[in-house]
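Take a look at the structure set out below.
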Amino acid sequence: MPMVHEDQDRHKGFTRRVLMLTCGKAALLSTLVARMYYLQVIEAEKYITLAEDNRVNLRLLPPRRGKILDRFGLELANNQQNFRVVVVKEQTPDLVATLDALSKLIKLSEHDYKRILRDVKRKRAFVPVTVKDNLSWDQVSSIEVNLADLPGASIEVGETRFYPYAADMSHILGYVASVSERELTGDPLLELPGFRIGKSGVEKYHDKDMRGQAGTSEFEVNAYGRVIRELARNEGGSGREMILTVDAGLQTFVQQRLMSEQSAASVVIDIKNGDVLAMGSVPSYDPSAFNLGLSNKQWNSLINNPLTPLSNKAISGTYAPGSTFKMVVALAAMKEGIGAFSHTAFCPGFMRLGNARFHCWKRGGHGRVNMIEGLQHSCDVYFYDIARRVGVDKIAEMANKLGLGNKVDIDLPGERSGVIPTKAWKLANIGEPWQGGETLVTSIGQGFVLATPLQLAVMVSRIAAGGKKVMPRIARGYREDGKSVAYEVGEFEDLGIPQEHMRMIHQGMDAVSNNPRGTAYKYRLKEEGWELAGKTGTAQVRRITLAERQAGVFKNEDLPWRRRDHGLFVAYAPVDNPRYACSVVVEHGGGSKSAAPIARDILRETQRRDPARAAAISLGSSNDSNTVAEDS
2 MPMVHEDQDR HKGFTRRVLM LTCGKAALLS TLVARMYYLQ VIEAEKYITL
52 AEDNRVNLRL LPPRRGKILD RFGLELANNQ QNFRVVVVKE QTPDLVATLD
102 ALSKLIKLSE HDYKRILRDV KRKRAFVPVT VKDNLSWDQV SSIEVNLADL
152 PGASIEVGET RFYPYAADMS HILGYVASVS ERELTGDPLL ELPGFRIGKS
202 GVEKYHDKDM RGQAGTSEFE VNAYGRVIRE LARNEGGSGR EMILTVDAGL
252 QTFVQQRLMS EQSAASVVID IKNGDVLAMG SVPSYDPSAF NLGLSNKQWN
302 SLINNPLTPL SNKAISGTYA PGSTFKMVVA LAAMKEGIGA FSHTAFCPGF
352 MRLGNARFHC WKRGGHGRVN MIEGLQHSCD VYFYDIARRV GVDKIAEMAN
402 KLGLGNKVDI DLPGERSGVI PTKAWKLANI GEPWQGGETL VTSIGQGFVL
452 ATPLQLAVMV SRIAAGGKKV MPRIARGYRE DGKSVAYEVG EFEDLGIPQE
502 HMRMIHQGMD AVSNNPRGTA YKYRLKEEGW ELAGKTGTAQ VRRITLAERQ
552 AGVFKNEDLP WRRRDHGLFV AYAPVDNPRY ACSVVVEHGG GSKSAAPIAR
602 DILRETQRRD PARAAAISLG SSNDSNTVAE DS
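Per the working numbering, residue 2 is the first one in the sequence shown, and the count goes up by one each step.
Following this line, the structure appears as structure tokens:
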């Protein structure tokens, strides 16, 4: 009997434990069911949203940068396909491990590692960072095959800038390059991998116009950060296509012609509307190289080159204008009632002022000359004489009218204003009063006077246009959303210079080039109807010392290149009905004999091509959506 009771007790205990366990399971199950109900029903909307956010990523897409075209529609800058591998920090559990794996496929240097880690640190976690771009097909294939082992990495297809005319257009177009840290403005577009902005030239001046509007890509990723599929895409909007005033064929000719010299610049302007048809500067560089990324060695070779290939000398190089400045002095004198046929000066080869002698370039002198003859022979003494009577401040007023001493506000970055001195300028900048001899030196474009090749081209444009305030421009208009729009060119302001004064200058410049006794007769244009009117100029770099003369150095060309004078020439053509103006500056060319033949060849080619009258792209008025013909 005791055994039976023991069995019954054990059975009851077991039953109680089973019952308790069953009740516990039931309670736990009830709790789970309640929680699931709460999460899936009551909080369903919240967690669906969270799940979507974890599963779906949104990424900005860089817009297509607008092309740059010449006046006839030829592409000067366009876009080419570019494959790159990027990595997103928030999608990779171990960034360095991913980079190590990529390095086995595409060779990443220590410099690459530092750059990538720096970019990852400065950008937001969801922003892709470029590991390497300009990948070959083989590199793309090897990465695609191994993407399962590269969490956070992916291949992107972007665009890179290409410049078909290479170095021939670089100083006008400029170049694009990656955004530097100081250029980040909080705009997420600037953080995109491979996104580049204009750093110089048209690319910089019209950068925001050409950027366009960013697109978006919505895509699904798995728990490892690998992209599963793209869900939606909005391509955004392309940037404006900029249409320039430049004639690509003429620009190529000008640049190649300048390359006969070590360092030089030239500008060609259509005097009717201010269109810059060509703007050359040598030496130059290939802007496409910046897309591929320059090594430190390559960059240093550019910035340390004493010939400054990155500098657009046409707008940022400042030079003493030499005798090209004499037209300014002549016009200032006529305005004050001095000069013209009524005034002559005798040139014995020098002028005395106090105890000083100011020499003419022709030591034997020119004899008695009037204004036209003074220009024709470039007689320094004649201009000493009239400048002494007029004074430096009146000369400065006329120089400013003709575009010197101030920026002409061309639509390019980096323009310099040059210097036109006055008495007040010297006192403010040097702290000394003006001296009478400085007026004489100023009258022949030396001393403090400095001008850019662009300013000299503007000066001769305004003279050729009969005293109209010609304003230069690089951009004619743009294309956007299927419409072509022209930048308006209004009527140029009249500078108020009497036409009889202008005719005197025209006759003098004509005589310089087309009179057998003119200083540039040797470099005239012989083609009938294409004749040019010009003015020579030499900007003295330094005098030949007594020691050098004793050593047998008598001519400028005998000096080392760096010590030779600059050569200048300004001109317009044709003489009888001016349309084109040109300036040429040859650094250390030894005088105007280096610049004059270049200007002659450029004006010959300009008239042969006659771009002002050729059929350019038809652009609509900014006030009218209809297209209108370009003026001729």
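For glycine and all other residues, C-beta sits at the position ideal for the given N, C-alpha and C.
Original post:
Going straight from the alpha carbon of F347 to that of K336, what length do you get?
Top reply: Going by C-alpha positions, F347 is about 22 Å away from K336.
Do the stretch 566-586 and the stretch 527-540 make contact, defined as three or more Cβ pairs closer than 8 Å? In the pairwise beta carbon analysis, the stretch 566-586 is classified as touching the stretch 527-540: at least three pairs are separated by under 8 Å.
request  = Please determine, among S201, N235 and Y206, the residue with the shortest C-alpha to C-alpha distance to Q214.
outcome  = The shortest CA-to-CA distance from Q214 to any of S201, N235 and Y206 is the one to N235.
Margin query: Is it buried or exposed, D54, if we count other Cβ atoms within 10 angstroms and call 16 or more buried?
Written below: Since pLDDT at D54 reaches only 48, below the 50 mark, its modelled position is unreliable, and the value read off the structure follows with that caveat. Label assigned to D54: exposed.
- Query: Just the Cα atoms here: how many angstroms apart are V268 and L455?
  - Reply: Within the model, the alpha-carbon separation for V268 versus L455 is close to 6 Å.
Fill in: Unbroken alpha helix (DSSP H) run spanning H172, endpoints
Its alpha helix (DSSP H) spans residues S171 to L174.
Of the choices E219, L245, M243 and N223, whose alpha-carbon is the least far from that of A233? With distances taken between Cα atoms, A233 lies closest to E219.
#### Entry: Inter-residue Cα distance where the pair is V450 and Y320
A straight-line Cα-Cα distance of about 8 Å links V450 and Y320.
Exercise. DSSP puts N80 in a beta bridge; with which residues?
Worked result: When beta bridges are read from the DSSP output, N80 appears opposite R162.
Query raised in the report: On the premise that C380 lies in contact with H367, defined as a C-beta separation below 8 Å, what is that separation, rounded to the nearest angstrom?
Result: The pair is a contact, with the Cβ atoms about 5 Å apart (cut-off 8 Å).
Practice problem: Report the residue from V382, G275, A265 and A334 whose alpha carbon sits nearest the alpha carbon of D566. | Solution: D566 has its Cα closest to that of A265, out of V382, G275, A265 and A334.
| message | Let me check understanding here. Comparing Cα to Cα, which of S143, M399, A168 and I198 lies closest to P63? | response | Of the listed residues, the one whose Cα sits closest to P63 is I198.
- request: Note down, one range per segment and in chain order, each beta strand (DSSP E) of at least 3 residues found wholly within the stretch 295-367.
  value: DSSP runs (the beta strand (DSSP E)) wholly in the stretch 295-367: 346-348, 351-354 and 357-360.
Whole runs of the alpha helix (DSSP H) within the stretch 186-223, excluding any shorter than 4 residues: Runs of the alpha helix (DSSP H) inside the stretch 186-223: 202-206 and 208-212.
Which residues mark the beginning and the end of the beta strand (DSSP E) in which A582 is found? Unbroken beta strand (DSSP E) run through A582: Y581 to V587.
Self-check item: Reference L70, options Q256, Y166, V330 and T309, closest by Cα
Solution: Considering only alpha carbons, the answer is Y166.
- Query: Are S485 and I618 touching if we call contact CB-CB under 8 Å?
  - Reply: When the beta-carbon positions are compared, S485 and I618 come within less than 8 Å of each other.
- Looking at A521 and L634, is the spacing between their C-beta atoms short of 8 Å? Summary: the structure shown does not reach residue 634, with the chain confined to residues 2 through 633, and so no result is reported for it.
#### Entry: Residues bridged to L451 [DSSP beta-bridge criterion]
Paired residues: V420.
Provide the residue span of the alpha helix (DSSP H) that contains S267, from first to last.
It is not in any alpha helix (DSSP H) - S267 instead sits in the beta strand (DSSP E) that spans A265 to D271.
Legend entry - Of the listed residues E606, G338, S418 and R65, nearest to G250 (C-alpha basis): Closest by C-alpha distance to G250, out of E606, G338, S418 and R65, is E606.
- [ ] Can you check the stretch 116-142 for any beta strand (DSSP E) of at least 3 residues that lies completely inside it and give the ranges in chain order?
- [x] DSSP runs (the beta strand (DSSP E)) wholly in the stretch 116-142: 130-133.
Inset, instruction - Please classify I144: is it buried, with 16 or more other beta-carbons within 10 angstroms of its beta-carbon, or exposed? - result: By the Cβ-count criterion, I144 is buried, with 16 or more other Cβ atoms from all chains shown falling within 10 Å of its own Cβ.
Is it the case that the Cβ atoms of T539 and G568 are separated by a distance below 8 Å? Result yes, Cβ atoms of T539 and G568 sit closer than 8 Å.
message: Could you tell me the alpha carbon to alpha carbon distance between S104 and S142, rounded to whole angstroms?
response: Taking the straight line joining both Cα atoms gives about 15 Å.
**Message:** Let me check understanding here. Comparing Cα to Cα, which of R614, L191 and D271 lies closest to D465?
**Reply:** The identity of residue 465 in the sequence shown is Ala, whereas the question assumes Asp. Ranking R614, L191 and D271 by Cα distance to A465 puts D271 first.
Per DSSP, what kind of secondary structure is V146 in: helix, strand or coil?
Three-state DSSP puts V146 in a helix.
_Alpha carbon of K470 to alpha carbon of F254, nearest angstrom_ = If I take the Cα positions, the gap works out to 28 Å.
From the DSSP output, in three-state form, read off A616 for me. Secondary structure of A616 (DSSP, three-state): coil.
Would T423 pass as a contact of A452 if the rule is Cβ separation under 8 Å? Not closer than 8 Å, so no.
>> Cutting at 6 Å between CB atoms, please list the residues of its own chain near P129, excluding the five before and the five after it.
In response: Only V87, V89 and P194 meet the Cβ criterion.
Can you look up G621 in the DSSP assignment and give me helix, strand or coil? In the structure shown, G621 sits in a strand (DSSP, three-state: E or B).
- Closest by CA to L151, which one among T93, G294 and I445? Selected option, being the one with the closest Cα: T93.
- Message: Is it buried or exposed, W435, if we count other Cβ atoms within 10 angstroms and call 16 or more buried?
- Response: Classification for W435: buried.
Pull up the DSSP beta-bridge partners for M280, would you. Bridge partners of M280: V268.
In whole angstroms, what separates the C-alpha of A331 from that of S239? Taking the straight line from one Cα to the other gives about 52 Å.
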